[in-house]
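**Q** Okay, here's the structure, questions in a sec.
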Amino acid sequence: MAERLDRVKQIISTLFNVDEASLTAASSAKDISAWDSMGQLMLILELEQQFDIQIPPERAEKLISIAQILDFVEESA
Amino acid sequence: MRAVANGDVAAMLAHAHAFLRQSPTLGTAQQIINTLPLDLPNRAAVRLKVAFLRSYTVEPSIPFLRALAGLYGVELIVKVGDFNSYAQEVIDPTSWLYQFNPDIVILASQTRDVAPDLWQGSGGVSAEEAASVVGSIVSPLVSIIECLRSRTSASLIIQNLEQPDIPNAGLLDSRREIGQEDLIKMVNRRLSLEALKYDGVYILDYDALVSRHGREHWHDEKKWLTSRSPVAADHLIFAAREYLRFILPLSGRLSKVLVVDLDNTLWGGIVGEDGPTGIKIGPEYPGATYLSLQRAILKVADRGVLLAICSKNNPTDALEVLENHPEMLLRPKHFAAIRINWIDKAQNLRDIAAELNVGIDSVAFLDDNPVERQRIALELPEVSVIDLPTDPAGYASALLSSPLFERLTITAEDRARGGYYAAERERKSLESSAGSLEDFYRSLEMKSEIVAVTPGTLARIAQLTQKTNQLNTTTKRYTESEVQAMARDPAWHLFGVKIADKFGDNGIVGVVFVKIAGDTVDIDTFLLSCRVIGRTVETMMLSHVCDIGVAAGCVKIDGWFLPTKKNEPAANIYPNNGFTKIEENESGSLWQFSLRGKLIEKPEWIA
């Protein structure tokens, strides 16, 4: 669980070029300027490749915080 | 690893190439963009502005494009237009496009957007109708080209129309005089001809790109329907690479000289060991893989790239193959500069660049040996090191897929230049000098181990005496039973040397047989595989001979150098390590080292 949280944080930090230490489970799209609708698409592509999962479109648009992403990754694992 | 000249930037660059190859994801690309410095100590980055006009979501391929360009020292500033708004953006002189003032404009559109009727229709038209269909699709694109040409000097890259996975009429499409697929081909042909009429307008063959990677794998229907992003995640990098094939030559960041190795690159095997008739080159596998690389090298040369040779070899052996081997495609006349010697390749590359009067950043380096590639990547980060797969069958395509050799224009003079240099070379002597190598040695992280003759090592030790020709001071051949007999004799000391480095374990690469005779250590056999040539392993081996001599109470070491046609590389082993010549006759020279003074020390970079 903690390991997955770290991986999600690392993905968000790299993709949106924000300091990993500033991220918590509560961090969400509204806190990070690069996490816009195009950022969301890139994030989904990266999550699908990194965790080898498929994210259905209706879920993809709701994964807008680290906690929500983590929940989805946990349930897909 | 100790920082080398140019230090961390070079190491980061080498690492980033491998990282992107192993994990080609958006995260990797973004990480390279976030961290990789674009300026090298001796090469400032080229900065280019790229505008995408588009009908679909191109954004996911852009981090790959920026990361890849960064690896070649090109910084891209990218802006993307609105969906399907390119006509207005081009026509309106106050649009973002002209304010941005791009160097390169890429028109990324899909058949379904540019030609919806053609995409949805079933073809089946007459020749006259076809002409009108083609005209109605190409004309608006030509208007865009003309408008852009009149307002900006930016280079324009236009994607052509891709074919559908399966034509709408299925097999019937091929039963029509002009079907849907025929129409798309006609549009693409016409578009190519129109582009030729303008300067700086290029067609990116998007249909060929998609088919090269497999149409079914290229597309991700779900991402298309949800995000207008048609390209599957694992193919985004290939779209980026295709853009780079245009952007690199437009940036001026290109390789003007391709420097190639010889042994195991232009042919299979080592000419100094296997002889001109033992190397592998020709129409049958495995020689065919090297022939195919030679063909690829000629294709690159035909685009105006100069060729040069940099090989650690005996010049006589290597030139014999280049000049006379019947299966060789590449001959000395193809090469503008030739360096066949035993000195450091980084120094040779500097010399080649100076001789051909090009910057070191215009040099590309093709070598099968990962140690040599690493050495160059660290010592000369400005040189483009061609990343080769382990299987030689992949060498040709690795070379041909490099964007460094792409050209968008070519003159007859470009093509003729190689021959001119070859003629010039006749008048120049080949000179060479060694560079400082300590950082390179350290970067190899070499570990050595002295091994005795045991049932496990006997075969390899005997084999090395049988087949080592070059780094062999006396070239004495021994069978396994002879080696075994000597090993049992207390007057003899026999040992092998194993070397491992950061690239892997090389196994036993050195062999020494010495005999204690009174107060003297007589070196009977001292040899090294050419795999570890120029890495100071011989000094490490001689330091062990000193240890043996001191333990046996000897006061000096004697070693003969017996010259053959092949072993010139071994001539300097004794003089380079403090031995003095005390005798010379028709068979060779005798070298002596006193054990009463300072002993030979194991180099600090070999653990």
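So the sequences go chain by chain: A and B.
Okay, so the first sequence: first residue is -16 according to the numbering used here, each after it adds one.
Okay, so the second sequence: first residue is 13 according to the numbering used here, each after it adds one.
The C-beta atom is built at its ideal place from N, Cα and C for all residues, glycine as well.
All values derive from a computational prediction rather than experimental measurement.
For the beta strand (DSSP E) that contains TRP572/B, what are its first and last residues?
**A** Segment 568 to 573, the beta strand (DSSP E) holding TRP572/B.
**Q** For ASN597/B, count neighbouring C-beta atoms within 10 Å of its own C-beta (all shown protein chains included) and say buried if the count is 16 or more, exposed if not.
**A** So ASN597/B ends up on the exposed side.
**Q** Specify, as a first and last residue, the run of the beta strand (DSSP E) that ASN353/B falls within.
**A** Run containing ASN353/B: 347 to 353, per the beta strand (DSSP E) assignment.
**Q** Look at ILE118/B and PHE64/B and say whether their C-beta atoms are less than 8 Å apart.
**A** Result yes, Cβ atoms of ILE118/B and PHE64/B sit closer than 8 Å.
**Q** Spell out whether any CB of chain A is found under 8 Å from the CB atom of THR4/B.
**A** Look at the range of chain B in this structure, 13 to 619, and you will see that residue 4/B is not part of it.
**Q** List, from N- to C-terminal side, the alpha helix (DSSP H) runs of 4 residues or more that fit wholly inside the region 324 to 397 of chain B.
**A** Qualifying alpha helix (DSSP H) stretches, in chain order: 327 to 336, 357 to 368, 382 to 391.
**Q** Could you tell me the distance, in whole angstroms, from the CA atom of LEU205/B to the CA atom of VAL199/B?
**A** When rounded, the distance between both Cα atoms is 10 Å.
**Q** Just the Cα atoms here: how many angstroms apart are ASP314/B and ARG343/B?
**A** Roughly 15 Å separates the two Cα atoms.
**Q** Within a Cβ cutoff of 6 Å, which residues of the same chain sit near ASN707/B, ignoring the five residues on either side of it in sequence?
**A** Nothing can be reported for residue 707/B: it is not among the residues displayed for chain B, which extend from 13 to 619.
**Q** With 7 Å as the C-beta to C-beta threshold (strictly closer), list the residues of the region -8 to 24 of chain A near chain B in chain order.
**A** Answer in chain order: ILE(-6), THR(-3), LEU(-2), ASN0, MET21, LEU24.
**Q** Going by alpha carbons, who is nearest to ASP373/B out of GLU391/B, PRO382/B, ASN381/B?
**A** When only C-alpha atoms are compared, the closest one is GLU391/B.
**Q** From ALA41/B to ARG161/B, what does the alpha carbon distance come to, in whole angstroms?
**A** Using only the alpha carbons, I get a separation of about 33 Å.
**Q** Over what stretch of residues does the alpha helix (DSSP H) that includes PHE452/B continue unbroken?
**A** Its alpha helix (DSSP H) spans residues 450 to 456.
**Q** Check whether the Cβ of ALA408/B lies closer than 8 Å to any Cβ atom in chain A.
**A** Closer than 8 Å: no.
**Q** Looking only at its own chain, which residues have a Cβ that is under 7 Å from the Cβ of LEU(-12)/A, when we skip the five neighbours before and after it?
**A** Hits under 7 Å: ALA8, LEU53.
**Q** Buried or exposed for ASP94/B, please, with buried defined as at least 16 other CB atoms from any protein chain shown within 10 angstroms of its CB.
**A** Exposed.
**Q** According to DSSP, is TYR490/B helix, strand or coil?
**A** Coil at TYR490/B, not helix or strand.
**Q** In whole angstroms, what is the alpha-carbon distance linking GLY519/B and ALA512/B?
**A** Their Cα atoms are separated by approximately 7 Å.
**Q** LYS234/B touches chain D at which residues, Cβ-Cβ below 9 Å?
**A** In summary, chain D is missing from the structure at hand, where the protein chains are A and B.
**Q** Does chain B have any CB closer than 8 Å to the CB of LEU28/A?
**A** For LEU28/A, the answer is yes, since a Cβ of chain B falls inside 8 Å of its Cβ.
**Q** Roughly how many angstroms lie between the CA atoms of LEU88/B and ARG257/B, to the nearest whole one?
**A** Approximately 14 Å, taken between the alpha carbons.
**Q** Looking at chain B, is there any beta carbon in it that lies within less than 8 Å of the beta carbon of GLU31/A?
**A** Interface residue, yes.
**Q** Give the single residue among SER138/B, LEU109/B, TRP131/B whose Cα lies nearest to the Cα of ASP166/B.
**A** The residue you asked about is not Asp; residue 166/B is Ala in the sequence shown. Checked all of SER138/B, LEU109/B, TRP131/B; the closest Cα to ALA166/B is LEU109/B.
**Q** Drop a sphere of 10 angstroms on the beta-carbon of PHE347/B, count the other beta-carbons inside from all chains shown, and report buried for 16 or more, exposed for fewer.
**A** Counting Cβ neighbours within 10 Å, PHE347/B comes out buried, since at least 16 surround it.
**Q** Which runs of the beta strand (DSSP E) fall wholly inside the region 509 to 538 of chain B and span at least 3 residues, in chain order?
**A** Counting whole runs of 3 or more residues, the region 509 to 538 of chain B contains the beta strand (DSSP E) stretches 516 to 529.
**Q** Any idea which residues DSSP pairs ASN484/B with across the strands?
**A** Answer is LEU539/B.
**Q** Can you check whether the C-beta of ARG439/B is within less than 8 Å of a C-beta belonging to chain A?
**A** In this predicted model, ARG439/B has a pLDDT of only 42, less than 50, meaning its place in the structure is not dependable; the value taken from the coordinates is given anyway. So, not an interface residue.
**Q** Given a cut-off of 8 Å, decide if LYS578/B and GLY284/B are closer than it, judged by their beta-carbon atoms.
**A** Cβ distance < 8 Å, so GLY284/B and LYS578/B count as in contact.
**Q** Counting contacts by CB-CB distance shorter than 8 Å, is SER241/B in contact with chain A?
**A** So yes, SER241/B belongs to the interface.
**Q** At the level of alpha carbons, what is the spacing between TYR302/B and LEU278/B?
**A** Going by the C-alpha atoms only, they are around 6 Å apart.
**Q** Does the Cβ of VAL562/B have 16 or more other Cβ atoms within 10 Å, making it buried, or fewer, making it exposed?
**A** VAL562/B is exposed by the Cβ-count criterion.
**Q** Under a three-way DSSP split, which group does ASP273/B fall into?
**A** Reduced to three states, the DSSP call for ASP273/B is coil.
**Q** Bridge partners for LYS459/B per DSSP, in chain order?
**A** Beta-bridge pairing links LYS459/B to ALA512/B.
**Q** For chain A, is any of its Cβ atoms less than 8 Å away from the one on THR485/B?
**A** So, not an interface residue.
**Q** Is the CB-CB distance between ASN381/B and ILE352/B below 8 Å?
**A** It is not a contact, given that the beta carbons lie outside the stated cut-off.
**Q** Can you give the Cα-Cα distance for SER445/B and LEU262/B, rounded to whole angstroms?
**A** Bear in mind that the predicted position of SER445/B carries a pLDDT of just 30, short of 50, making it unreliable; the figure below should be weighed with that in mind. The alpha-carbon atoms of SER445/B and LEU262/B are separated by roughly 36 Å.
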